[in-house]
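Comments concern the structure below.
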């Protein structure tokens, strides 16, 4: 399929879509909902539609106030508006998730291409390194790196790096195995025979063939990183306390949790779960959507 025919197919709504397609649409809509919230949160605060989630002055709010017309999600034990902190928590979560997944994609794809194409001792060394990282649970890696960074250096970049390191081997393994399988194809041999440099072969011929499997991993890792970031915040190893974050809010809520005060845990936890589900659903249809043959079958009348 030529590029001129490919783009209309990408944006064409199928008449007989599969279940994975509808799951992808639902996941994308949920994710876009949180993106809109994250983008509009500062504007809503400027318009005084929501309160400052981290005020420096003394709060006039009563602690543990139930949901009302004044505080839609109630207040926590410190008097912070839960609705404002939940909205700003989406902003912090998406910033870390996007940075972490981009970090892992860039390093994983580059190392996978180099390892699969060059082979030899480079391939053996990177395989050993990535297998060693892959054998360790991702949460344990994130906790260890966050603890090593220290509280003074914590922020969105450090949290993203701590999360991204655990996902690099996943991209590396997929890209490396795909590179090994196609580097002996006839078009690759023809490119080498014509004198193409290794850099040109990797960037022009290999990259376009191996990148098709990355979007699925991207969305799956993004969903997992939302929960991992929440776990770090719950353990007190995530973002600084002055940055609203769902995991930290759950930690504070559970410290003073009673059966009557349910709103301080429900809304941050529900937002975290909903964003993770949205990203997971989006990944369900990406494999079919980015596969040319499956996409053609899906859009047939």
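Residue numbers (the working numbering): 16 to 316.
Where is the CB? At the ideal position from N, CA and C, for every residue including glycine.
Cβ-Cβ distance between residue i and residue j below 8 angstroms
i, j, result
"residue 122", "residue 171", "no"
"residue 135", "residue 187", "no"
"residue 174", "residue 111", "yes"
"residue 90", "residue 78", "yes"
"residue 104", "residue 76", "no"
"residue 39", "residue 296", "yes"
"residue 180", "residue 154", "no"
"residue 244", "residue 253", "yes"
"residue 178", "residue 157", "yes"
"residue 262", "residue 288", "no"
"residue 240", "residue 58", "no"
"residue 108", "residue 290", "yes"
"residue 265", "residue 249", "yes"
"residue 131", "residue 190", "yes"
"residue 106", "residue 176", "no"
"residue 137", "residue 129", "yes"
"residue 258", "residue 224", "no"
"residue 207", "residue 217", "no"
"residue 124", "residue 229", "yes"
"residue 169", "residue 255", "yes"
Terminal residues of the alpha helix (DSSP H) in which residue i lies
i, result
"residue 97", "97-133"
"residue 49", "34-61"
"residue 239", "229-249"
"residue 186", "171-197"
"residue 216", "Per DSSP, residue 216 belongs to no alpha helix (DSSP H) and is neither H nor E."
"residue 267", "261-270"
"residue 158", "153-164"
"residue 201", "201-208"
Residue(s) in a DSSP beta bridge with residue i
i, result
"residue 90", "96"
Status (buried if at least 16 other CB within 10 Å, exposed otherwise) for residue i
i, result
"residue 313", "Interpretation of residue 313 is limited by its pLDDT of 43, a score under 50 that renders its predicted location unreliable; the figure taken from the coordinates is listed afterwards. Buried, since its Cβ has 16 or more Cβ neighbours within 10 Å."
"residue 66", "buried"
"residue 279", "buried"
"residue 25", "Low per-residue confidence applies at residue 25: pLDDT is 45, beneath 50, and the placement is therefore not dependable, though the value from the model is reported in the following sentence. Its Cβ having fewer than 16 others within 10 Å, residue 25 is exposed."
"residue 219", "exposed"
"residue 20", "Any answer about residue 20 is weak, because its pLDDT of 44 lies below 50 and its placement is not dependable; what the coordinates show is given next. Looking at its Cβ environment, which holds fewer than 16 other Cβ atoms inside 10 Å, residue 20 is exposed."
"residue 210", "exposed"
"residue 81", "exposed"
"residue 118", "buried"
"residue 194", "buried"
"residue 151", "exposed"
"residue 202", "exposed"
"residue 214", "exposed"
"residue 102", "buried"
"residue 260", "buried"
"residue 96", "buried"
"residue 18", "Because residue 18 sits at a pLDDT of 41, beneath the cut-off of 50, its placement in the model cannot be relied upon, and the point is left open."
"residue 205", "exposed"
"residue 22", "Caution is warranted here: a pLDDT of 40 is assigned to residue 22, below 50, making its placement in the model unreliable, and no coordinate value can be reported."
"residue 34", "exposed"
"residue 285", "exposed"
"residue 221", "buried"
"residue 269", "exposed"
Residue i at chain D interface by Cβ criterion, 8 angstroms
i, result
"residue 164", "Of the protein chains in this structure there is only one, and it is not chain D."
Quiz item: If you pair each beta-carbon of the region 282-296 with each one of the region 41-52, do three or more pairs fall below 8 angstroms?
Solution: Output reads yes: the region 41-52 touches the region 282-296.
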